[in-house]
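Residue numbers (UniProt numbering): 1 to 311.
And the structure:
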């Protein structure tokens with residue numbers, strides 16, 4: 001567990017609820033915002049206690065109310081059954097500029113361990129998240145200047161029993177970097193080598209010629225990536241890989257006026273606007289397939305998901 005073992009249930013509850021309603025979570029927490037909007041900002045303690053982390057703590061509504069009396073972030077209503085923020089979130093507040101991503105951290109780390117290593121002063125919250133290998137944490141600072149100062153160190157060594165070397169990065173900078181990397185990937189994906197598309201026209205338009213026939217005919221000139229052709233068609237587009245950049249040109253010269261299926265065909269290498277349009281369609285189709293895969297992976301998500309990460 002990432003809880004400090006000496007913390008009482010009341011202390012755990014106060015810390016968890018203040019995270020939920022704090023500046024670093026509340027502005028993007030659709031569930032809490034929806035609940036608060038239905039009752040002038042008030043959220044029932046009975047609702048808060050349905051969150052998985054709160055169930056784990058196990059306080060009754062009465063004990064939870066007692067734990068929240070001293071909160072600096074939320075206030076109780078008169079009958080102590082509901083809470084809401086004391087102050088609204090500042091309109092220009094950006095939690096990402098207050099957050100430092102530390103990865104990896106020792107798997108035995110807890111909130112108090114992280115505060116001990118980086119100094120408790122100014123740390124508003126610590127969250128943990130599993131990676132494919134190991135664990136990372138997000139340290140939220142009350143003042144963004146403190147977050148910037150820590151992130152500028154770039155690296156940190158946890159020199160306990162097992163030495164762990166960690167990287168430090170401001171979350172806002174991480175977001176910028178990831179966005180830039182994505183744009184670079186998309187730009188690279190949309191670039192193409194010119195001269196790879198062979199066009200074969202004048203095919204007989206019968207069922208006698210298949211895609212496999214055309215691939216077999218053109219494969220001696222280079223590696224064929226794809227053949228765009230339907231039986232009964234009069235045109236085929238053969239795309240070679242960039243491993244054989246001259247294949248289309250060589251095939252066009254060799255196959256022009258060749259008889260295929262009883263008809264002499266004409267061949268050419270796709271170029272200019274026609275080539276650009278061909279690749280545009282390829283990229284758009286690829287993007288749609290990616291979106292479809294993401295939609296497929298997303299089905300069924302969101303139900304039964306617990307509230308609050310490890311704290």
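All C-beta atoms, glycine included, are put in the ideal place defined by N, C-alpha and C. Nothing here was measured: the structure is a model prediction, and the numbers come from that model.
- Rounded to whole angstroms, the separation of the alpha carbons of residue 283 and residue 166 is 38 Å.
- Under DSSP, residue 33 forms no beta bridge with any residue.
- Counting only residues of its own chain and dropping the five nearest sequence neighbours on each side, residue 35 has a CB closer than 7 Å to the CB of 43, 47.
- Beta-bridge annotation (DSSP): residue 237 is paired with 199, 228.
- For residue 111, the secondary structure class from DSSP, reduced to helix, strand or coil, is helix.
- In this model, residue 290 and residue 186 are separated by some 12 Å (Cα to Cα).
- CA-to-CA, the gap between residue 93 and residue 140 works out to about 13 Å.
- In this structure, the CA atom of residue 61 is about 47 Å from the CA atom of residue 180.
- In the three-state DSSP reduction, residue 209 falls in the coil class, being neither helix nor strand.
- Between the C-alpha atoms of residue 224 and residue 263 there is a straight-line separation of about 23 Å.
- Rounded to the nearest whole angstrom, the CA to CA distance from residue 197 to residue 173 is 41 Å.
- The criterion of a C-beta distance shorter than 8 Å is not satisfied by residue 252 and residue 222.
- When DSSP states are grouped into helix, strand and coil, residue 104 belongs to the strand group.
- Under a 10 Å Cβ-count criterion, residue 123 is classified as buried, with 16 or more other Cβ atoms of the shown protein chains found around its own Cβ.
- Residue 243 sits in coil when the DSSP states are folded into three classes, being neither helix nor strand.
- Assignment of residue 81 by DSSP, reduced to helix, strand and coil, places it in the coil class.
- Ranking 226, 49, 64 by CA distance to the CA of residue 10 puts 64 first.
- The residue from 112, 108, 14, 155 with its alpha-carbon nearest to that of residue 101 is 155.
- If you draw a 10 Å sphere on the C-beta of residue 22, you find 16 or more other C-beta atoms in it, and that means buried.
- Your pair residue 97 and residue 170 checks out as a contact, with CB atoms roughly 7 Å apart and the cut at 8 Å.
- By the Cβ neighbour-count rule, residue 206 is exposed, with fewer than 16 other Cβ atoms within 10 Å of its own.
- When secondary structure is reduced to three states using DSSP, residue 68 falls in the coil class, being assigned neither helix nor strand.
- Residue 57 has its alpha-carbon roughly 30 Å from the corresponding atom of residue 90.
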